[in-house]
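Residue numbers (my numbering), protein chains in the order written: chain A, 599 to 934; chain B, 14 to 338.
Input: a single structure, listed below in structure tokens.
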Amino acid sequence: MHSRTAILVAALAGLHVILLFAGFVAPYDPATQDRELPYAPPTRLHFEDASGFHLRPFVYASMRVLDGDQAGSYQEDQTHAFPVQFLLHGSSYKLLGLHETTLHLFGVVEPARILVLGTDGYGRDEFSRVLFGGQISVAAGITATFIALLAGGILGSVAGYYGRWIDESLMGVTELFLSLPWLYFLLGVRAFLPLHLSALHTFFLLTGVIGLIGWARPARLVRGIVLSSRNRNYVLAARGFGASDFYILWRHVIPEAFGVLLTQAALLVPQYIAAEVTLSFFGLGVSEPVPSWGNMLSALEQYSVLVAYGWLLAPAGALIITSVLYGYLADALHSG
Amino acid sequence: MSYIARRLARAVLLLIGVSALCFLFTEMAPGTFFDEMRMNPQISPETISALRARYGLNQPLLVRYGRWVKSALHSDLGYSIAYNVPVAPLLWSRAENTLVLTITTLLLTWLISVPLGVWAASRRGGLLDRSVTLLSSFLISVPELVIAIGLLAAVVRWRILPVGGMRSADFEDLSTSGKLQDFLLHLALPAVILVLCETAVIVRHVRASVLEVLDAPYVQAACGFGIKSGRVLFRHVLPVAANPAISLLGFSLAGLLSGSMMVEVVCGWPGLGPLMLEATLSRDLYLVIGGIMFSSLFTLGGGLIADIMLLALDPRIRREAADAQ
């Protein structure tokens, strides 16, 4: 059981490190458009050419062939081979938002391009956008979870510890929040806030709103734990020795709630990532040109795009991987 | 009876709470529907303030809330600014479609997940049990939006079903049976998406609650007396295991309505979801509040039905209700 948890934690850590270093892993800038390459399919890696087999894979430059079709189709220009290079210099970005650099994990020399997941309708590299979009979506999920757990933890322990009318009124409010369909509520709260905001504002607003709506369930859980631990002998003993309320909450009750909160976090993060993705998909969240998995997926609302350019489903794939890893981690933590 | 009355009173109290909460949020809102108009040089500021006054947006919070409650009692739920009609009839015409979709989903989900969950639990550790557990834990993890887009892509790609709306363009020319068939075909995709998402959750809970009862001492005793396993399962296990499953029915409604809203938008099903999204984008205040009220009404109504079913099926609850009197 523990080795399974360890594997899941390692995989999740790897995923987050990749997203954290998105600028380094991604070969291109996520916002740079290339009007010559709309809806280009993923670049094929080659190992063999006329002169035989090469250990280092190479790619060919894509040529757009315009036929009657609007987007046109693509062919490989096989006159020049461009070997895939590692640690080469390309577009500039800020590593971790601090250090300006141009170093990328891999890439090819211009004019060829290595498009791992093709391009979107503006010729932007989908792979780079999935990585940068993941930064936004996953960070939103984690921040919202933090807000929900913090608010739920505080209110839940207050309700459980002080009991009586404080408990009753707080639990009444949680019931209110739990009996509402969250997506309607989320949309409602979003409707009362300004639609057009800067990306940073939107981010904090979204996470705040999601966390605000989500505090009720953790609050109930924490309340239950506090209620049961309040009458434990060691807590009664501590109180007998004259320990303050705050001391008992901090020293005895919260550590007991910690494990439950951790499991709850593993459950909530993917849900809140999905909430951000859904809102951005609806056009109510993070807006262009900043990528998020949600606003990337909204390009698929046109059925023709959905059918013809399958690689644009990539953010959905990334979302599945992230959610399933978190979901299994929550399972593993829950069953100990 | 007073048990049901108490439940009903609580539901009404919750509805009042929801509406109060909505109005509190509107107070915090910085802009209104008319902000877009302000950008338009053809509309004078006087017109806008006259419109604001007409819709009562310049009144203090309590006055607005009072007016809204009055309008709600007349079953109007306020006035939609974008559509220029009372909110409730507008919402109701769409809510019917949402109800058709969600009730179909509920029926199918329970028809599938109860037998599947019971079967999996009664053969614990078997091939079926393990595959049900594995598949459901995978489907629970995958966000509903991804399942919806994935299935939509497959359906559009291979032209399996019609997509978008709830009837074909030539609907009026079809015969009665043709109309029904056309309607069912349009219903199929959103319903299948929702059933898939819901079944994954419900089957797990049904399985867990049956397993819990199977482990109870009195079931072990019944088995020890040599009562046939089929009789034990149907006579002694299922009636007891039904309680948590029915409570779950009440709890799962809020999730189902949220999922339904998302699926409606993705598949173009003309339910409450697309209307609510539109109202949010145009900041049609009372329509948004009305949408929230409708969705909570359905959730609480469903919860009430679950409560009544519990009362009818579980003697323990009847006893509790009688004791409380």
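By construction, the Cβ of each residue, glycine as well, lies at the ideal position given by its N, Cα and C atoms.
- In this structure, Asp718 of chain A keeps its C-beta atom at 8 Å or more from the C-beta atom of Tyr626 of chain A.
- A Cβ-Cβ distance of about 4 Å is found for the pair Ala749 of chain A and Trp813 of chain A, placing them in contact under the 8 Å criterion.
- If you look at Arg722 of chain A, you'll find it isn't in any beta strand (DSSP E); DSSP assigns it neither H nor E.
- When Cβ-Cβ separations below 8 Å define contact, Ile153 of chain B makes contact with chain A.
- Counting other Cβ atoms within 10 Å of its Cβ, Thr700 of chain A stays below 16 and is therefore classed as exposed.
- Cβ proximity to chain B below 9 Å picks out Gly770, Val771, Glu773, Leu774 from the stretch 751–774 of chain A.
- Restricting attention to B:Ile259, B:Pro230, B:Leu37, B:Pro102, the CA atom closest to the CA of Asp327 of chain B is found in B:Ile259.
- Rounded to whole angstroms, the separation of the alpha carbons of Pro156 of chain B and Ser150 of chain B is 12 Å.
- The Cβ atoms of Ile17 of chain B and Leu324 of chain B sit closer than 8 Å to each other.
- With its beta carbon less than 8 Å from one in chain A, Cys35 of chain B belongs to the interface.
- DSSP, read as helix, strand or coil, puts Lys692 of chain A in strand.
- Closest in C-alpha terms to Ala789 of chain A, from the list B:Gly304, B:Asp183, B:Gly139, comes B:Gly304.
- Any Cβ of chain B closer than 8 Å to the Cβ of Pro868 of chain A would place that residue at the interface, and such an atom is present.
- Straight-line spacing of the CA atoms in Val205 of chain B and Pro887 of chain A works out to 34 Å.
- Judged by DSSP in its simplified three-state form, Arg107 of chain B adopts helix.
- DSSP links Ser660 of chain A through a beta bridge to A:Glu674.
- Following the DSSP letters along the chain, one finds Thr700 of chain A inside the beta strand (DSSP E) bounded by residues 697–705.
- Under the three-pair Cβ rule at 8 Å, the stretch 245–263 of chain B counts as touching the stretch 220–228 of chain B.
- Under the criterion of beta carbons closer than 8 Å, Ile734 of chain A and Ser890 of chain A qualify as touching, at roughly 4 Å.
- Following the DSSP letters along the chain, one finds Phe790 of chain A in no beta strand (DSSP E), marked with neither H nor E.
- Membership of Glu291 of chain B in any beta strand (DSSP E) is not indicated; the residue belongs instead to the alpha helix (DSSP H) covering 285–295.
- If you check the CB distance, Gly178 of chain B and Pro283 of chain B come in under 8 Å.
- Gly732 of chain A and Ala916 of chain A do touch by the CB rule: their CB atoms are close to 6 Å apart, below 8 Å.
- Asn893 of chain A and Lys241 of chain B have their alpha carbons spaced roughly 57 Å apart.
- For the stretch 137–162 of chain B, the beta-carbon criterion of a distance under 7 Å to any beta-carbon of chain A is satisfied by Ser150, Phe151, Ile153, Ser154, Val155, Pro156, Leu158, Val159, Ile162.
- At a beta-carbon threshold of 7 Å, the residues of chain B lying near Ala914 of chain A are Val159, Ile162, Gly163, ordered along the chain.
- Per DSSP, reduced to three states, the secondary structure at Gly650 of chain A is strand.
- Assignment of Leu686 of chain A by DSSP, reduced to helix, strand and coil, places it in the strand class.
- Taking Leu810 of chain A as reference, the option from A:Asn831, A:Phe775, A:Leu795, A:Val756 with the minimal CA-CA separation is A:Phe775.
- The stretch 126–133 of chain B makes no contact with the stretch 300–314 of chain B; the number of CB pairs closer than 8 Å stays below 3.
- Chain-ordered, the chain B residues with CB closer than 8 Å to the CB of Leu778 of chain A read Val31, Ala267, Ile305, Ser308, Ser309, Thr312.
- The stretch 134–154 of chain B and the stretch 307–315 of chain B do not touch, with fewer than three beta-carbon pairs separated by less than 8 Å.
- Straight-line spacing of the CA atoms in His600 of chain A and Ala864 of chain A works out to 16 Å.
- Comparing alpha-carbon positions, the option among B:Ser84, B:Ser57, B:Asn110, B:Ala22 lying closest to His199 of chain B turns out to be B:Asn110.
- Of all residues in the stretch 268–284 of chain B, the ones placed with a Cβ closer than 9 Å to any Cβ belonging to chain A are Gly268, Leu269, Leu270, Ser271, Gly272, Ser273, Met274, Met275, Val278, Val279, in chain order.
- Nearest neighbour of Ala817 of chain A by Cα position, chosen from A:Tyr870, A:Ser878, A:Ala746, turns out to be A:Ala746.
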